[in-house]
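Residue numbers (full-length UniProt numbering): 1 to 213. Glycine included, every Cβ here is placed at the ideal spot set by N, Cα and C.
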């Protein structure tokens, strides 16, 4: 299995964690096998988001891991992050790409093949598809594994599975032509993030991860 930057994709969540613990978990995850970090902050002010993004960027830079900022192009540019991930409520994909320029990553949430193909045509570098399993962090109807497979098979860009994925259910995705899996609470709320990420990486060895050039 060839590693790629989407293979084990951490999406952050503050939950009830202190800021110190929040950063500790991210650092431990980066140190032990996470391949990409998306900073997702829905409830912070712009200044607070910027400050935590700076702190997280220091960590991801230390381990040469790309930092993706959820929604906020301005924060991405301000901290020189690797890219942005957007959903349906943010700026259009083509507009976001224009603002980001050609050299930063642009990820798009896509729950249907039509949306995924549109995102690809408008300049997305990858799509995140889900929620595959029940989850509190992604509202709305679930995306079937059949839809996930269809999207992954028909797109030329990488597809990352997201939503309710954990160590217990992730193997059900092992034969799908995806580029990786994204996790939130499974890592952020782990008592021992280092051991958790190491175990996830071992399980990912059984995946037929789609090669990303």
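Item: Cβ pair residue 75, residue 69 closer than 8 Å; Value: yes
Item: Where residue 1 falls, given that 16 or more other Cβ within 10 Å makes a residue buried; Value: Any answer about residue 1 is weak, because its pLDDT of 39 lies below 50 and its placement is not dependable; what the coordinates show is given next. Per the 10 Å Cβ criterion, exposed.
Item: Residues sharing a beta bridge with residue 36, DSSP; Value: 9
Item: Residue 101 versus 147, 77, 42, residue with shortest Cα-Cα distance; Value: 77
Item: Residue range of the unbroken alpha helix (DSSP H) whose run includes residue 184; Value: Careful: residue 184 lies outside any alpha helix (DSSP H) and carries neither H nor E.
Item: Neighbourhood of residue 207 by C-beta distance below 6 Å, restricted to the same chain and skipping five residues each side; Value: 174
Item: Beta-carbon proximity check, residue 177 vs residue 194, cutoff 8 Å; Value: no
Item: Proximal residues to residue 187 (C-beta, below 8 Å), its chain only, five neighbours per side dropped; Value: 10, 25, 29, 34, 193, 196, 197, 200
Item: C-beta contact flag for residue 7 and residue 209 at 8 Å; Value: yes
Item: Which listed residue (42, 154, 146, 156) has its alpha carbon closest to that of residue 90; Value: 42
Item: Residue 171 burial status per 10 Å Cβ neighbour count (16 or more: buried); Value: exposed
Item: C-alpha distance - residue 51 paired with residue 118, whole-angstrom precision; Value: 33 Å
Item: Separation of residue 164 from residue 134, as counted between CA atoms; Value: 5 Å
Item: DSSP-derived helix/strand/coil call for residue 26; Value: helix
Item: Spatially closest choice to residue 103 from 66, 130, 128, by CA coordinates; Value: 66
Item: Inter-residue spacing [alpha-carbon to alpha-carbon] between residue 93 and residue 161; Value: 19 Å
Item: Rounded straight-line distance, which links the Cα of residue 105 to that of residue 82; Value: 6 Å
Item: For residue 225, the first and last residue of its enclosing alpha helix (DSSP H); Value: With the chain represented from 1 up to 213, any question about residue 225 goes unanswered, as that position is not in the structure.
Item: Coil, strand or helix - residue 147 by DSSP; Value: helix
Item: Short Cβ contact (8 Å threshold) for residue 128 with residue 179; Value: no
Item: Simplified DSSP assignment, three categories, for residue 1; Value: Reliability fails at residue 1, whose pLDDT of 39 lies under 50, so the model's placement of it is uncertain and the value that follows must be treated cautiously. DSSP places residue 1 in coil when its eight states are reduced to three.
Item: Assigned secondary structure, residue 116 (DSSP; H/G/I helix, E/B strand, else coil); Value: helix
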